[in-house]
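Chains as they are written, first to last, in the working numbering: chain F, 1 to 170; chain A, 171 to 340.
Even glycine gets a Cβ: it sits at the ideal position worked out from N, Cα and C.
Just so you know, these numbers come straight off a predicted model, no measurement behind them.
Everything below concerns the one structure shown next.
Number of protein chains: 2
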Amino acid sequence: MTATPAPSPGAAAPGDFLRLDEQICFSLNAASRAFGGVYRVLLKDLGLTYPQYLVMLVLWEHGELPVKKVGEHLRLDSGTLSPLLKRLEAAGLVRRERSARDERSVQVGLTEEGAALRERALDVPRRIAAATGADLEEIRALRARLDLLTEALDRAALSGPALSEAPGCT
Amino acid sequence: MTATPAPSPGAAAPGDFLRLDEQICFSLNAASRAFGGVYRVLLKDLGLTYPQYLVMLVLWEHGELPVKKVGEHLRLDSGTLSPLLKRLEAAGLVRRERSARDERSVQVGLTEEGAALRERALDVPRRIAAATGADLEEIRALRARLDLLTEALDRAALSGPALSEAPGCT
DNA sequence: CGCAATTCAGTTGTGCACAACTCAATTGCT
DNA sequence: AGCAATTGAGTTGTGCACAACTGAATTGCG
Numbered sequence: 001m002t003a004t005p006a007p008s009p010g011a012a013a014p015g016d017f018l019r020l021d022e023q024i025c026f027s028l029n030a031a032s033r034a035f036g037g038v039y040r041v042l043l044k045d046l047g048l049t050y051p052q053y054l055v056m057l058v059l060w061e062h063g064e065l066p067v068k069k070v071g072e073h074l075r076l077d078s079g080t081l082s083p084l085l086k087r088l089e090a091a092g093l094v095r096r097e098r099s100a101r102d103e104r105s106v107q108v109g110l111t112e113e114g115a116a117l118r119e120r121a122l123d124v125p126r127r128i129a130a131a132t133g134a135d136l137e138e139i140r141a142l143r144a145r146l147d148l149l150t151e152a153l154d155r156a157a158l159s160g161p162a163l164s165e166a167p168g169c170t
Numbered sequence: 171m172t173a174t175p176a177p178s179p180g181a182a183a184p185g186d187f188l189r190l191d192e193q194i195c196f197s198l199n200a201a202s203r204a205f206g207g208v209y210r211v212l213l214k215d216l217g218l219t220y221p222q223y224l225v226m227l228v229l230w231e232h233g234e235l236p237v238k239k240v241g242e243h244l245r246l247d248s249g250t251l252s253p254l255l256k257r258l259e260a261a262g263l264v265r266r267e268r269s270a271r272d273e274r275s276v277q278v279g280l281t282e283e284g285a286a287l288r289e290r291a292l293d294v295p296r297r298i299a300a301a302t303g304a305d306l307e308e309i310r311a312l313r314a315r316l317d318l319l320t321e322a323l324d325r326a327a328l329s330g331p332a333l334s335e336a337p338g339c340t
């Protein structure tokens, strides 16, 4: 008995909790990575990674934006965006320049090439939808649930020093 | 007019597709990262990251396993697991040794300390469930949907050279 | 005005995900 | 037995996520 693999078959309840735990978080993670795989294939032609594609979506929709705003749309901070944007700039898809009005801020905009890339991305969503095998209504419902979940988790993380403390916060 | 931010307000349909695209994949991604944030807080005490926690869950449940099997449970390959397991070994939580039966295979097992850590992880699931603010039934339903989605995406990725080609594959 | 607090982008360091590869052990086929 | 194909773990290189930090610009308050 070097490391007691099965602690005790009688202790069903706590064991079940640790299995149940895999429920959402793991399924979510797996689904997210499965999407990543499909996007990787589809976006290879465009020379984009999935996070880069998200940035391009934001820019196609909103035009020129400060880095801060891009981050708000995507829930990403400058630690992630700065190098990512630098790569997009190196690829010739985006342009970055310090705002004249506020020298702290950097405006991110599309180059001609970046704007043109939109045309080639137009049928990505349809192909993704096809890969999911789900109809639009189901997708909508799932998305609504996930957004609620994210909101709840963010709230818990903020008021959440209590999270790592006593569970008695009714 | 350096890069035409808003292509044309009249072109509603294609624009909507590119926005709709954000639907699941982005929500999924955001939810996954939101979970990550909550887990990060909860697991800090245990000295584990979330992926490390997943590995420990597998080992707590199944005892000693070859690296391959751990990867199958978690959908991770050796490129991810090898360094992760090395860190868990350095932390004194797991043990790795070449199988005598098959010298290619490496058995991963718990140390005393790793097995003992289970006790301290027992209330992580409850705290996570509390942070989601969802009841168990809702969680179950969501998980089922996500697993179906993952399955569909994996299938698409496999038969999916067609994915990046003509959409006429009925 | 003058200075402390805040804001914004960027850097550094750690860890994960994944593709592409190496290398040894094993299996299967003849 | 002999050898090609496969399998399993590991390494390398790229890119993302995030914490912690730096440094410059701006804001706000007395």
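Can you confirm whether the segment 53-73 of chain F touches the segment 107-118 of chain F when touching is taken to mean that 3 or more C-beta pairs between the two stretches lie within less than 8 Å? yes
Interface residues of chain A facing F:R33 [CB-CB closer than 8 Å]: R245
Which residue comes first and which comes last in the beta strand (DSSP E) that contains A:R268? V264 to R268
Would you check if the distance between the CB atom of A:S197 and the CB atom of F:L43 is smaller than 8 Å? Not a contact, by the Cβ cut-off of 8 Å.
Reduced DSSP category for A:L280 - H, G, I as helix; E, B as strand; rest coil: Strand, per DSSP.
Three CB pairs or more closer than 8 Å across the segment 256-265 of chain A and the segment 279-294 of chain A: With the cut-off at 8 Å, the segment 256-265 of chain A and the segment 279-294 of chain A touch.
Is the shortest distance between the beta-carbon of F:D154 and the beta-carbons of chain A less than 8 Å? yes
Any contact of the segment 199-208 of chain A with the segment 311-325 of chain A, i.e. 3+ C-beta pairs under 8 Å? no
DSSP-derived helix/strand/coil call for F:L46: coil
Taking 8 Å as the CB-CB cut-off, is F:G37 touching chain A? yes
Can you name the residues of chain F whose CB is closer than 7 Å to the CB of A:E192? L57
State the Cα-Cα distance for the pair F:W60 and A:L229, rounded to the nearest angstrom. Straight-line Cα distance between these residues: approximately 46 Å.
If we count the other Cβ atoms within 10 Å of its Cβ and call it buried at 16 or more, is F:R120 buried or exposed? exposed
Report yes or no: is there a C-beta of chain A within less than 8 Å of the C-beta of F:D102? no
Please confirm whether A:R189 and F:R75 have their CB atoms less than 8 Å apart. no
In DSSP terms, what A:V236 is bridged to: The question names Val, yet the displayed sequence has Pro at residue 236 of chain A. Answer is A:Q277.
Could you check where the alpha helix (DSSP H) with A:S248 kicks off and where it finishes? S248 to A260
Taking the alpha carbon of F:D123 as the point to measure from, which residue in F:N29, F:L46, F:C25 and F:E22 has its own alpha carbon closest? Here the closest residue by C-alpha is F:L46.
Check whether the Cβ atoms of A:R313 and F:Q23 sit closer than 8 Å, and answer yes or no. yes
For A:R325, name the three-state secondary structure that DSSP assigns. Residue state, collapsed to three classes: helix.
Do A:A201 and F:L175 have their beta-carbon atoms positioned less than 8 Å apart in this structure? Given a span of 1 to 170 for chain F in the structure shown, any question on residue 175 of chain F remains unanswerable.
What number of angstroms, rounded off, separates the C-alpha of F:A130 from the C-alpha of A:A304? 30 Å
With DSSP collapsed to three states, give me the class of A:G303. coil
Please classify A:T302: is it buried, with 16 or more other beta-carbons within 10 angstroms of its beta-carbon, or exposed? By the neighbour-count criterion, in which 16 or more other beta carbons inside 10 Å mark a residue as buried, A:T302 falls on the buried side.
Interface positions of the segment 64-91 of chain F facing chain A (Cβ-Cβ less than 7 Å), listed along the chain: E64 and R75
Residue from F:H73, F:K69, F:A100 and F:S99 whose Cα sits closest to the Cα of A:N199: F:H73
I want to verify the contact list: residues of chain A whose CB lies under 8 Å from the CB of F:A157, in sequence order. Listed along chain A are A204, G207, V208, V211 and A301, each with a C-beta nearer than 8 Å to that of F:A157.
Leaving out five residues before and five after F:L84 in sequence, what residues of the same chain have Cβ atoms less than 7 Å from its Cβ? P51, Q52 and V55
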